[in-house]
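Residue numbers (UniProt numbering): 1 to 125.
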């Protein structure tokens, strides 16, 4: 059985790669507009409705079709947003380890300084 690792493009199946290539422009444009809109909203001094994303309908249809393609596949994914590079590397090398009572306090004390975190420091832009 082939496992698709979401963070490793080399593990994607041919049908998923073909789909992503076919829809690349919509995916890229959708996310660019979302980022621009988020940046505009941050600068507002008072509430204003968000502008609709002109690529949203095509993007959402594409995501639904992609979900249909992936439905029968085995997928491995981690939620990396709260992990820095060395933590991700450790999980990939050793798997997730069950937490112990002391672990959360150890993690708080072991937070990396600015410049050491990689993802947390936005070095992957």
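Virtual Cβ for every residue (Gly too), placed ideally from N, Cα, C. The structure displayed is predicted, hence computed values, not measured ones.
Cα-Cα separation, residue i to residue j
i           : j          : result
residue 17  : residue 45 : 42 Å
residue 62  : residue 68 : 10 Å
residue 57  : residue 27 : 11 Å
residue 24  : residue 73 : 21 Å
residue 39  : residue 30 : 14 Å
residue 97  : residue 90 : 10 Å
residue 95  : residue 15 : 28 Å
residue 78  : residue 60 : 22 Å
residue 8   : residue 47 : 40 Å
residue 76  : residue 87 : 17 Å
residue 10  : residue 83 : 23 Å
residue 130 : residue 71 : Outside the shown range of the chain (1 to 125) lies residue 130, about which nothing can therefore be said.
residue 43  : residue 64 : 32 Å
residue 85  : residue 35 : 24 Å
Beta-carbon separation (whole angstroms), residue i vs residue j, contact threshold 8 Å
i          : j          : result
residue 92 : residue 19 : Going by Cβ atoms, the distance from residue 92 to residue 19 rounds to 26 Å, so no, they are not a contact pair.
Contact set for residue i: own chain, Cβ-Cβ below 8 Å, skip 5 residues either direction
i          : result
residue 12 : 4 and 20
residue 33 : 53, 54 and 55
residue 37 : 50, 51 and 53
Cut-off 7 Å between Cβ atoms - residues of its own chain near residue i, not counting five sequence neighbours on either side
i          : result
residue 41 : 50
residue 1  : 74
For residue i, the residue or residues it bridges with in DSSP
i         : result
residue 5 : 76
Review point. Considering only residues of the segment 46-87, which uninterrupted beta strand (DSSP E) runs meet the minimum length of 3 residues and lie entirely inside it, listed in chain order?
Key: If we require 3 residues or more, the beta strand (DSSP E) runs fully inside the segment 46-87 come out as 74-76.
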